[in-house]
Structures are given as C-alpha cells and as structure tokens.
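What follows is a set of notes on a single structure, which appears directly below.
Protein chains: 6
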Amino acid sequence: MPIVTIQQSPRSIELKRELVEKITNAFTEVYQLPPEAIQIFFAETSHENWAKGGVLASDRE
Amino acid sequence: MPIVTIQQSPRSIELKRELVEKITNAFTEVYQLPPEAIQIFFAETSHENWAKGGVLASDRE
Amino acid sequence: MPIVTIQQSPRSIELKRELVEKITNAFTEVYQLPPEAIQIFFAETSHENWAKGGVLASDRE
Amino acid sequence: MPIVTIQQSPRSIELKRELVEKITNAFTEVYQLPPEAIQIFFAETSHENWAKGGVLASDRE
Amino acid sequence: MPIVTIQQSPRSIELKRELVEKITNAFTEVYQLPPEAIQIFFAETSHENWAKGGVLASDRE
Amino acid sequence: MPIVTIQQSPRSIELKRELVEKITNAFTEVYQLPPEAIQIFFAETSHENWAKGGVLASDRE
Chain A
1 MPIVTIQQSP
11 RSIELKRELV
21 EKITNAFTEV
31 YQLPPEAIQI
41 FFAETSHENW
51 AKGGVLASDR
61 E
Chain B
1 MPIVTIQQSP
11 RSIELKRELV
21 EKITNAFTEV
31 YQLPPEAIQI
41 FFAETSHENW
51 AKGGVLASDR
61 E
Chain C
1 MPIVTIQQSP
11 RSIELKRELV
21 EKITNAFTEV
31 YQLPPEAIQI
41 FFAETSHENW
51 AKGGVLASDR
61 E
Chain D
1 MPIVTIQQSP
11 RSIELKRELV
21 EKITNAFTEV
31 YQLPPEAIQI
41 FFAETSHENW
51 AKGGVLASDR
61 E
Chain E
1 MPIVTIQQSP
11 RSIELKRELV
21 EKITNAFTEV
31 YQLPPEAIQI
41 FFAETSHENW
51 AKGGVLASDR
61 E
Chain F
1 MPIVTIQQSP
11 RSIELKRELV
21 EKITNAFTEV
31 YQLPPEAIQI
41 FFAETSHENW
51 AKGGVLASDR
61 E
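Residue numbers (full-length UniProt numbering), protein chains in the order written: chain A, 1 to 61; chain B, 1 to 61; chain C, 1 to 61; chain D, 1 to 61; chain E, 1 to 61; chain F, 1 to 61.
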C-alpha cells in the first residue's frame with residue numbers, strides 16, 4: 001500500500017510519466033514511505049464511457 | 001460525489017446514453033442533488049475478462 | 001453483471017432503499033435484464049476521506 | 001457477492017481460465033458459498049498505465 | 001501487481017486469513033509470481049450498503 | 001474527472017489534508033486542470049482487511 005487508482009480521460013505517456021513522479025513524491029514526503037511502496041493505476045475512460053450531469057462526455061463535444 | 005462505476009459487458013452508445021440519463025435522474029430525485037454532481041464511469045469488461053462460477057464468460061458462449 | 005459501485009457521502013437507509021430500486025429499474029428497462037442480475041454497492045465515504053479542489057470536505061464545513 | 005476485481009498486467013486466456021477456477025474454489029471451500037455467487041473481473045492494465053516507485057512500468061522495460 | 005479487491009459481506013478474521021492464503025497460492029502457481037507481489041484488499045460491505053434485484057440485503061433478512 | 005481512489009492504511013487527518021493538497025497540485029500543474037475538477041477518495045483499509053504475500057497485515061504485527 002498505498003494503491004492509487006485514477007479514473008481519467010486518456011492522456012499522453014509524457015503527461016502520465018510526469019504525474020506519477022509528482023504523486024509518488026507527495027506520498028513519500030507526507031507519509032514518509034519508500035517510493036516502491038506506492039503503486040498507481042490509470043483507469044483510462046473514453047468519453048463514450050463517462051457521463052456527467054446525465055450526458056455522455058462524447059455527446060458534449 | 002456521488003461517483004458511480006459500472007462494471008458491465010460492452011454495450012452500444014445508445015443504451016449507455018439512455019442509462020446514464022435514468023441513473024442521474026434517480027440521484028437527483030432521491031438525493032435532491034444537481035445533475036452535474038453525478039459522474040458515471042462504465043468499466044466495460046470483455047467476456048474473456050469476467051468469470052462467474054469459476055468459468056470465463058467467453059467459455060460459456 | 002452489471003456491478004454498480006457508488007462512492008458517496010453517508011446517507012439514510014430510506015434514501016438508499018429508494019435509490020437502489022430506481023437504479024435497478026433503469027437497468028432492467030434499458031438493458032432488458034432480470035433485476036437479480038444487478039448488484040449495487042455503496043462505498044460510503046466520510047468527509048474526512050473525500051477531497052475536492054485540494055481540500056478535505058470536512059474542512060469546508 | 002463476493003465480487004473480485006483484479007488489477008493486473010495483461011495475460012493469456014489460458015492463465016486467466018486456470019486462475020478463476022482456483023480463486024472460485026478458494027471461496028467455495030472457505031466461505032461455503034455456491035460457485036455461482038462469485039464473480040471475478042480482470043481490470044487489465046498496460047505498462048504505460050501502471051507505475052511503481054514513481055516510474056511507469058513501460059519505462060522500466 | 002496483481003492487486004485484488006474483494007467486495008463482500010463482513011466475515012471473521014479466521015476465514016479471511018484462510019482465504020488470502022489460498023488466493024495468493026492460486027496466483028503464485030498460475031502466474032509464477034513471488035507471493036509478495038500479490039496484495040489483497042477486503043472492501044467489506046454491510047447489508048444496508050449492498051442491494052441485489054433492487055432490494056437492500058438488510059431488507060431481505 | 002479525474003477521480004482518484006487511494007487504498008491505504010488509516011492515517012491522521014493532518015496527513016490526509018497535506019496529501020490531498022499535494023496530489024491536487026500535481027494534477028493542476030501537469031494536466032492544466034482547475035483544482036475543482038479533481039476528487040480524491042481515501043478507501044482506508046484496516047490491517048485485518050489487507051494481505052500481502054498471503055498473510056494478513058494484522059498477523060505480521
């Protein structure tokens with residue numbers, strides 16, 4: 001632990017690379033954990049599979 | 001909040017469009033929430049990745 | 001399937017009773033599924049364990 | 001119930017077939033449940049979408 | 001990885017102790033993984049927070 | 001979106017307060033998102049409900 005699952009729209013590997021580094025640093029600084037203890041999973045969700053306010057995101061585009 | 005995650009077999013966008021509307025209405029009516037407060041995620045799972053009774057769904061077809 | 005997981009603030013059993021009925025009806029109408037196929041899980045989250053905009057909900061009260 | 005969600009790297013259907021049988025047997029033996037009560041979902045995650053120690057798995061290959 | 005999340009009714013620590021051993025063995029045998037690679041989380045759900053067929057489990061008791 | 005769910009051992013509100021701020025900042029910097037777009041859920045798990053290497057964490061204490 002901790003296991004972090006992020007539900008989000010698809011994004012580039014560059015952005016994800018940068019994000020996981022910052023999130024892992026946040027855990028190591030605040031919880032004083034070794035970086036290897038932290039695992040991060042991206043559950044990427046297309047806009048056909050995500051809705052807000054009763055409307056699919058793909059229908060808002 | 002509320003965040004709704006639905007694990008299900010893949011379905012058409014028409015069905016998902018209709019479903020998210022009805023589910024969002026259920027929340028707004030019962031919880032008296034604004035529709036924008038409700039997010040719905042479909043975690044679509046192929047039949048090779050879902051098992052019931054110890055058997056993959058794809059092996060039951 | 002479908003398995004529905006709802007992350008939300010704690011609410012009364014009366015509200016949850018009403019909500020699960022409406023959500024299940026949405027699935028049976030739209031997906032033409034028998035009600036028994038639908039399972040709903042409430043993952044109730046206290047305001048100390050939920051943050052939006054970088055602030056714990058309990059700190060906004 | 002029980003609903004089992006497994007976040008893992010992609011694997012062959014043969015391995016998943018064998019795994020779901022063993023996991024379902026574990027539940028039926030220990031919890032004395034009928035096999036049909038147990039559902040298993042594989043949430044397969046590519047190495048671009050999984051990080052450990054602040055590094056994407058795809059960057060460790 | 002793999003990370004296993006089990007949504008279930010509350011059960012005794014003895015049963016959970018036995019179950020996690022059997023599930024971990026299933027992974028090590030089938031996936032040829034070291035046991036330490038497998039993490040299991042119980043997301044225990046009370047019967048007021050779980051519904052099937054549109055009815056809360058606590059209302060079926 | 002993004003919705004972040006963190007499975008972890010129970011921790012103090014002070015640590016969680018600090019962590020959610022840092023994680024939200026990571027998203028706003030890297031994804032150029034407004035802070036209000038990010039929601040974080042702690043799924044706190046007691047050591048009786050988490051196992052690694054086939055052993056409950058509470059049995060390792």
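For every residue, glycine included, the Cβ atom is placed at its ideal position computed from N, Cα and C.
Please check if any C-beta of chain F sits within less than 8 Å of the C-beta of Ile-3 (chain A). Within the first sequence, numbered from 1, the residue matching residue 3 (chain A) stands at position 3. Yes, Ile-3 (chain A) counts as interfacial toward chain F.
Determine whether the Cβ of Gln-7 (chain A) lies closer than 8 Å to any Cβ atom of chain E. Stepping through the first sequence from its first residue, residue 7 (chain A) is reached at position 7. For Gln-7 (chain A), the answer is no, since every Cβ of chain E falls outside 8 Å of its Cβ.
Just to confirm the assignment: which complete alpha helix (DSSP H) runs, minimum length 4, are found wholly within the stretch 8 to 44 of chain D? 13 to 31
Where DSSP assigns a beta bridge to Ala-51 (chain D), which residues make up the other side? Position 51 of the fourth sequence holds residue 51 (chain D). Answer is A:Ile-40 and D:Leu-56.
When you check each C-beta in the UniProt domain "4-oxalocrotonate tautomerase-like" (2 to 59) of chain D against every C-beta of chain A, which residues fall closer than 8 Å? Gln-7, Ala-43, Thr-45, Glu-48, Asn-49, Trp-50, Ala-51, Lys-52, Gly-53, Gly-54, Val-55, Leu-56, Ser-58 and Asp-59
What does a CB cutoff of less than 7 Å around Ile-23 (chain F) pick up in its chain, not counting 5 residues either side in sequence? The residue you call residue 23 (chain F) lines up with position 23 of the sixth sequence. So the qualifying residues of the chain are Val-4 and Ile-40.
Between A:Ala-57, A:Pro-35 and A:His-47, which lies nearest to Gly-53 (chain D) when the distance is taken from Cα to Cα? Locating residue 53 (chain D) in the fourth sequence gives position 53, where the first residue counts as 1. Its Cα nearest to that of Gly-53 (chain D), the residue A:Pro-35 stands out among A:Ala-57, A:Pro-35 and A:His-47.
Using 8 Å as the Cβ pair cut-off and three pairs as the minimum, do the stretch 7 to 26 of chain D and the stretch 12 to 19 of chain A touch? no
Look at the Cβ atom of Ala-43 (chain F), then the Cβ atom of Ala-57 (chain C), and state whether they are nearer than 8 Å. Start at 1 with the first residue of the sixth sequence, and residue 43 (chain F) comes out as number 43. Start at 1 with the first residue of the third sequence, and residue 57 (chain C) comes out as number 57. The answer is no: Cβ separation not under 8 Å.
If we count the other Cβ atoms within 10 Å of its Cβ and call it buried at 16 or more, is Ile-38 (chain F) buried or exposed? To locate residue 38 (chain F), count along the sixth sequence from 1; it is residue 38. The residue is buried, with at least 16 neighbouring Cβ atoms inside 10 Å.
Whose CA, out of A:Asn-49, A:Pro-10 and A:Thr-28, lies closest to the CA of Ser-12 (chain B)? Residue 12 (chain B) sits at position 12 when you count from the first residue of the second sequence. Out of A:Asn-49, A:Pro-10 and A:Thr-28, A:Asn-49 has the C-alpha closest to the C-alpha of Ser-12 (chain B).
Leaving aside the five residues before and after His-47 (chain D) along the sequence, list all residues of the same chain whose C-beta is less than 6 Å from its C-beta, in chain order. Taking the first residue of the fourth sequence as position 1, residue 47 (chain D) is located at position 47. Correct list, in chain order: Ala-57 and Ser-58.
Can you find the residues in the same chain that come closer than 7 Å, C-beta to C-beta, to Phe-27 (chain E), ignoring five residues on each side of it along the sequence? In the fifth sequence, counting from the first residue as 1, residue 27 (chain E) sits at position 27. If we look at Phe-27 (chain E) and ignore the five residues flanking it on each side, its Cβ neighbours are Pro-2, Leu-33 and Ile-38.
Leaving out five residues before and five after Ser-9 (chain D) in sequence, what residues of the same chain have Cβ atoms less than 6 Å from its Cβ? Residue 9 (chain D) sits at position 9 when you count from the first residue of the fourth sequence. Cβ neighbours of Ser-9 (chain D) beyond the five flanking positions: none.
Own chain, CB closer than 6 Å to Ile-6 (chain D), minus 5 neighbours either side, in chain order: The residue you call residue 6 (chain D) lines up with position 6 of the fourth sequence. Excluding sequence neighbours, Ile-6 (chain D) sits near Phe-42.
When the Cα atoms are used, what is the spatial distance from Thr-45 (chain C) to Leu-15 (chain F)? Here residue 45 (chain C) is taken as the residue at index 45 of the third sequence, counted from 1. Here residue 15 (chain F) is taken as the residue at index 15 of the sixth sequence, counted from 1. Rounded to whole angstroms, Thr-45 (chain C) to Leu-15 (chain F) spans 17 Å at the Cα level.
Straight-line gap, Arg-60 (chain A) to Val-30 (chain F) (C-alpha atoms, nearest Å): By 1-based counting over the first sequence, the position of residue 60 (chain A) is 60. By 1-based counting over the sixth sequence, the position of residue 30 (chain F) is 30. Computed Cα separation, rounded: 24 Å.
In angstroms with no decimal places, state the Cα-to-Cα distance between Val-55 (chain C) and Asn-25 (chain F). Position 55 of the third sequence holds residue 55 (chain C). Position 25 of the sixth sequence holds residue 25 (chain F). Across the structure, Val-55 (chain C) and Asn-25 (chain F) are spaced so that their CA atoms are roughly 11 Å apart.
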